[in-house]
Every structure is written in C-alpha cells, then in structure tokens.
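>
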Amino acid sequence: EAGVAQSPRYKIIEKRQSVAFWCNPISGHATLYWYQQILGQGPKLLIQFQNNGVVDDSQLPKDRFSAERLKGVDSTLKIQPAKLEDSAVYLCASSRVRTLNTGELFFGEGSRLTVL
Amino acid sequence: AQTVTQSQPEMSVQEAETVTLSCTYDTSESDYYLFWYKQPPSRQMILVIRQEAYKQQNATENRFSVNFQKAAKSFSLKISDSQLGDAAMYFCAYRSALDGGSQGNLIFGKGTKLSVKP
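Protein chains in written order, with the working numbering: chain S, 991 to 1106; chain Y, 214 to 331.
This is the structure:
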C-alpha cells in the first residue's frame, strides 16, 4: 500500500511570495489533514477534510492560507503572501472513515518551507 | 480544550538499556485514544503504539510499552533494549473518540528528543 505522498519536500521563498504544497493521501482514506510543525514544537492542525468537505479549519489563518480538496482525493495547501513566521514543516496525514477508524493517522514526509 | 504535555525536551539512553518518556494530558472526555508517534530526522512520523481509553490493559508492541493511568491522566512510553534506530523525536498525542467536528484531529505535545548512545 502506497503511503501519503507530499511535494515538494523543500521550498525556499522570499517573504510576500506565494507557495503551494500538494498531498495525495492513501487510497481509500476519506479524511485528510494538514498540520503545521514549527521547529521545536508539535504539529498543529491547520485544516481537516472529510472527502471534499471541510470539517475543521478553525486554526487556519484564512487571510493568507487556503486549502482545497476538490475531488475528495488529493489536496493543495497555499500560502499567499508568506510571512517569516510561516517557516515550518507542513505535514499531510490521512485516515480511514470514522466507522472503520482505529484512531491512527498516516503521515507523509512533510514539506519544509523556509521564508527569507 | 484538550492539552498534551511532555515535560522532557530531551532524553538520552545507553544502547540496550531502558528509557521512559513521560506524557500527561488534560481532558473532560471519557472516550479517547492516546498515541506515541516517532519522527526520525527528516523522515515521516510513524505510529509507535496506541491505547484506547476504555481499555485498562496497557498496550505493548514488541520493545515498546505504555503505562496508562487514566485517573492521573498520565501516559508514559517505555522503550526496552534501546537500539540506535530508536533515536528520534517522540510525540505523545490525544484524539477524541466522540463524534463531532474535531473528531479525528490529533493534539500533540511538544515532543521529546531521544538520543541513543552506542
């Protein structure tokens, strides 16, 4: 079974530029998550999708961050314009639907963003 | 709101020895999951062990075991016979088992960096 795929692995941009990250979850996983992991901290949820609908985006800075999952499969997270404090690793994770859920999330390798 | 606290930013263990990583959490819910995830440098986060709150028996996975104290809201991870490959960041995480918008979201502690000395 293929794991969660993310790209790019690394990205360096100037502040006020834009960037986009892509995630393809494990096949059949209806729930997709984007987490932000700042150096020295644990991951923090940005947004959670169930199929192509948003379940929780309460911690997404909507003035600069956006995310979509149009066909209920892969997802894109965009930052525009980027700030210095957005430097972090962006983790994508997926899980099965609730009724089959063992509670486990499966993570991708992450996309490391550096904003200069 | 639920919180997870890992009070040990760094730990060190000698190869083949045993080490225990601490985690406490705060919740008013009765049904939830607790996890330990391992994150090697520049590699993906993987599940080490999982505990369902309704189960009194402590979970065990090979060299990894937990001490789950529900009343004390404590969830420590014990690694026996430590190996060089165990060196990583370890995150304790909480997940509600209830229906609702936040169901499924993992709440993480800040992590403990484990070093293994040969």
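We treat Cβ as the ideally placed atom computed from N, Cα and C, and that holds for glycine. Predicted model only: the values in this text are computed from it and were never measured.
Would you report the Cα separation of Ser1084 (chain S) and Gln270 (chain Y), rounded to the nearest angstrom?
For the purposes of this step, residue 1084 (chain S) is taken as the residue at position 94 of the first sequence. For the purposes of this step, residue 270 (chain Y) is taken as the residue at position 57 of the second sequence. So the two alpha carbons sit approximately 28 Å from each other.
> Determine the direct distance from the alpha carbon of Asn1041 (chain S) to that of Phe1163 (chain S), and round the result to whole angstroms.
Outside the shown range of chain S (991 to 1106) lies residue 1163 (chain S), about which nothing can therefore be said.
> Out of S:Ser1017, S:Glu1004, S:Ser1008, which one is the CA nearest neighbour of Asp1064 (chain S)?
Your numbering for residue 1064 (chain S) matches position 74 in the first sequence. The option with the nearest alpha carbon to Asp1064 (chain S) is S:Ser1017.
> On the three-pair Cβ rule with 8 Å, is the stretch 300–309 of chain Y touching the stretch 241–252 of chain Y?
Result yes; three or more Cβ-Cβ pairs closer than 8 Å.
> Taking only beta-carbon atoms, is Glu1075 (chain S) less than 9 Å away from chain Y?
The sequence position of residue 1075 (chain S) within the first sequence is 85, counting from 1. With 9 Å as the cut-off, Glu1075 (chain S) does not count as an interface residue toward chain Y.
> Would you report the Cα separation of Ser243 (chain Y) and Pro1015 (chain S), rounded to the nearest angstrom?
Stepping through the second sequence from its first residue, residue 243 (chain Y) is reached at position 30. Stepping through the first sequence from its first residue, residue 1015 (chain S) is reached at position 25. For Ser243 (chain Y) and Pro1015 (chain S), the distance between alpha carbons rounds to 30 Å.
> Okay, do the stretch 279–291 of chain Y and the stretch 1072–1079 of chain S touch, 3+ Cβ pairs below 8 Å being the bar?
No contact exists between the stretch 279–291 of chain Y and the stretch 1072–1079 of chain S.
> For Ile1069 (chain S), I'd like the list of residues in its chain whose CB is within less than 7 Å of its CB, leaving aside the five on either flank, ordered along the chain.
For the purposes of this step, residue 1069 (chain S) is taken as the residue at position 79 of the first sequence. Taken in chain order, the residues that qualify are Ser1008, Val1009, Arg1054, Phe1055, Asp1076.
> Measure from the C-beta of Ala1078 (chain S) to each C-beta in chain Y and report whether the shortest distance is under 9 Å.
Indexing the first sequence from 1 puts residue 1078 (chain S) at position 88. No, Ala1078 (chain S) lies away from the interface with chain Y (no Cβ there is under 9 Å from its Cβ).
> Rounded to the nearest angstrom, what separates Ser315 (chain Y) and Asp294 (chain Y) at their Cα positions?
On the second sequence, position 102 is the one that residue 315 (chain Y) refers to. On the second sequence, position 81 is the one that residue 294 (chain Y) refers to. Note on Ser315 (chain Y): pLDDT 49, under 50, position unreliable in the model; the coordinate value appears next. Going from the Cα of Ser315 (chain Y) to the Cα of Asp294 (chain Y) covers about 37 Å.
> Going by other Cβ atoms of all chains shown within 10 Å of its Cβ, with 16 needed for buried, is Pro1033 (chain S) buried or exposed?
Sequence index remark: in the first sequence, residue 1033 (chain S) carries index 43 (1-based). Answer is buried; the Cβ neighbour count reaches 16.
> Answer yes or no: do Met258 (chain Y) and Leu327 (chain Y) have a C-beta to C-beta separation smaller than 9 Å?
As a first step, residue 258 (chain Y) must be located in the second sequence, where it is residue number 45. As a first step, residue 327 (chain Y) must be located in the second sequence, where it is residue number 114. For Met258 (chain Y) and Leu327 (chain Y), no; Cβs fall outside 9 Å.
> What is the DSSP secondary structure of Ser315 (chain Y), reduced to helix, strand or coil?
On the second sequence, position 102 is the one that residue 315 (chain Y) refers to. Low local confidence applies: a pLDDT of 49 at Ser315 (chain Y) is under 50, so the model's placement there is unreliable, with the coordinate-based value given in what follows. Looking at Ser315 (chain Y) - three-state DSSP - the assignment turns out to be coil, as it is neither helix nor strand.
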